[in-house]
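Numbering (the UniProt record's numbering), first residue to last: 1 to 252.
Note sheet for the following structure.
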């Protein structure tokens, strides 16, 4: 097993990708520290995972006290997956300062703090892996999701910065971009948006959470031991697709 007895921290663990990541790491023998703002959903996400190998830690990642407590709970974790994220669909000119701050707080500031805290502990131990979940939205501008795209662009920059900072101390830092999976952010998209996103895949189908989990586990494994500071896009080639008819503009 690739992660036998390794401590893995997954944020946003109650979501579609978080659940898939938890199941995949558990199947590889890992011990899990799972966190999410929704305590009830986190309990449901843990159902079926190996008893005694999962710790649940409800946390609001917009609160410094909750982030500090999570860093303490993580202890000497070997892997951190910054998966938590907000993607509200708000027209650019209607985004309020509070909404902008909340999106950037969860999507960028919290990973920054966790990489300082948990990543710092990894560096002290001389080993560790961090994967930041980003998005093709970092390079594709969509009018209803600009704060989200800005947050993911910033997170990819931070990925490279922390890779430079922590690499000499034995910590690898990479980003991974998932495709859109059924049951993820698609459920809150405007009419027509989800269908357009699906149509961008070069492989003729939507992403599956398990597709992305497999990519993240590979990035965290010794098979990727010489890979750091990179962005791996696992979105079925959708970020490259500029074919006519593949527009992500929602229908009115």
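Quick reminder that beta carbons are idealized off the backbone N, C-alpha and C, glycines included.
In this structure, the straight-line span from the alpha carbon of residue 162 to that of residue 82 is close to 13 Å.
Restricting attention to alpha helix (DSSP H) runs no shorter than 4 residues, the segment 71-119 encloses them at 97-104, ordered along the chain.
Between residue 107 and residue 85, the CB-CB gap stays under 8 Å. Assigned with DSSP and collapsed to three states, residue 7 falls in strand. Here residue 230 is not near residue 177, since their CB atoms are 8 Å or more apart. In the three-state DSSP reduction, residue 124 falls in the helix class (H, G or I). Counted as a single uninterrupted DSSP element, the stretch harbouring residue 60 is not any beta strand (DSSP E), since DSSP gives it neither H nor E. With fewer than 16 other CB atoms across the displayed protein chains lying within 10 angstroms of its CB, residue 72 is exposed. In the assembly as shown, residue 30 is a buried residue. Its beta-carbon has 16 or more other beta-carbons within 10 Å. In this structure, residue 32 sits near residue 49, with a CB-CB distance shorter than 8 Å.
Here DSSP, grouped into helix, strand and coil, assigns residue 35 to strand. Residue 122 counts as buried, since no fewer than 16 other beta carbons sit within 10 angstroms of its beta carbon.
The C-alpha of residue 78 lies about 34 Å from the C-alpha of residue 98.
If you draw a straight line from the Cα of residue 105 to the Cα of residue 130, it is about 19 Å long. For residue 234, the enclosing beta strand (DSSP E) has its first and last residue at 231-234. DSSP places residue 141 in the coil class of the three-state scheme, outside both helix and strand. Between the beta-carbon of residue 70 and that of residue 34 there is about 11 Å, and that puts the pair past the 8 Å contact cut.
The criterion of a C-beta distance shorter than 8 Å is not satisfied by residue 232 and residue 172. Taking the C-beta atoms as reference points, residue 111 is found nearer than 8 Å to residue 132. Annotated as distal: residue 45 and residue 63, with beta-carbon spacing of 8 Å or more.
Scanning 174, 87 and 75 for the CA closest to the CA of residue 157 turns up 174.
The Cβ-Cβ distance between residue 12 and residue 87 does not fall below 8 Å. By the Cβ neighbour-count rule, residue 96 is exposed, with fewer than 16 other Cβ atoms within 10 Å of its own.
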